[in-house]
Amino acid sequence: MSHDSNMMPYHLTVYSSEFRWSGELAIPMHRRLSDYLNDPALATLTLTQVTHAIWQNDTLRELQTVESSALIKRNLSVIVSDTDAPAPQGSSMERIRKLAFGAVLHLPPYTLIGELKVLHNADWLHVVSVPNEEFFPITNANLWRTQTGIKLETDLKFALVNRQRIHALEPKR
Numbered sequence: 392m393s394h395d396s397n398m399m400p401y402h403l404t405v406y407s408s409e410f411r412w413s414g415e416l417a418i419p420m421h422r423r424l425s426d427y428l429n430d431p432a433l434a435t436l437t438l439t440q441v442t443h444a445i446w447q448n449d450t451l452r453e454l455q456t457v458e459s460s461a462l463i464k465r466n467l468s469v470i471v472s473d474t475d476a477p478a479p480q481g482s483s484m485e486r487i488r489k490l491a492f493g494a495v496l497h498l499p500p501y502t503l504i505g506e507l508k509v510l511h512n513a514d515w516l517h518v519v520s521v522p523n524e525e526f527f528p529i530t531n532a533n534l535w536r537t538q539t540g541i542k543l544e545t546d547l548k549f550a551l552v553n554r555q556r557i558h559a560l561e562p563k564r
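Numbering (the numbering used here), first residue to last: 392 to 564.
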């Protein structure tokens with residue numbers, strides 16, 4: 392992926408209930424991926440060099456590769472990336488240390504087990520009740536196809552979850 396020096400490149404794997412897309416995204420260097428996805432002015436996530444697949448009988452069937460694809464954010468379940476960009480140097484964004492909280496997220500047809508980051512002395516349920524965040528991060532996670540137990544992703548360093556797609560959230564035991 393060629394990009395200019397003012398853009399941060401990401402390779403993303405995106406899951407909805409019926410499809411998986413893999414492609415490239417470049418966003419301005421001054422924005423983190425999570426902030427970009429939570430921007431209410433953006434209804435779509437536009438990827439380039441996109442390979443997509445469809446679930447058929449619990450097997451992913453690869454479809455064609457296309458130059459670009461605009462994905463409707465509200466329909467997306469999980470967005471996998473290697474990392475979220477750190478706040479730019481000199482940024483006024485405040486870094487607040489958080490505690491890792493083991494959680495199980497049920498967002499059919501997937502189950503995601505990993506770590507949520509919560510503020511000290513905060514209730515873990517706060518993570519899914521922040522009204523201005525459509526997507527929130529989960530780290531050190533594994534992603535399964537729930538009904539079959541097929542493991543789709545392991546040791547995810549960073550993923551963003553659409554909180555409106557979650558059916559249940561529970562502490563990891």
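Glycine is no exception: its CB is placed at the ideal position from the N, C-alpha and C atoms.
Selection from the options that minimises the alpha carbon distance to residue i
| i | options | result |
| --- | --- | --- |
| His443 | Leu424, Ser413, Val469 | Ser413 |
| Val471 | Leu424, Thr435, Ser396, Phe492 | Leu424 |
| Leu438 | Leu416, Thr502, Leu428, Glu409 | Leu416 |
| Val552 | Arg536, Ile529, Glu561 | Ile529 |
| Pro400 | Ala532, Ser408, Phe410, His421 | His421 |
Residues that DSSP places opposite residue i in a beta bridge
| i | result |
| --- | --- |
| Gly414 | Leu403 |
| Ala559 | His497 |
| Glu453 | Ala444 |
| Pro528 | Leu551 |
| Met420 | BP columns for Met420 are empty, so no partner. |
| Ser472 | Phe549 |
| Ser459 | Thr439 |
With 16 other Cβ atoms within 10 Å as the buried cut-off, status of residue i
| i | result |
| --- | --- |
| Asn448 | exposed |
| Lys548 | exposed |
| Lys563 | exposed |
| Gly505 | buried |
| Glu525 | buried |
| Ser459 | exposed |
| Tyr406 | buried |
| Met392 | At Met392 the pLDDT is 49, less than 50, meaning the model places this residue with poor confidence; the figure from the coordinates comes in the next sentence. When all chains shown are included, Met392 counts as exposed. |
| Ser396 | exposed |
DSSP-derived helix/strand/coil call for residue i
| i | result |
| --- | --- |
| Leu516 | helix |
| Arg564 | coil |
| Arg536 | strand |
| Leu428 | helix |
| Met392 | Confidence at Met392 is low in this model, with a pLDDT of 49, below 50, so the placement of that residue is unreliable and no value is reported for it. |
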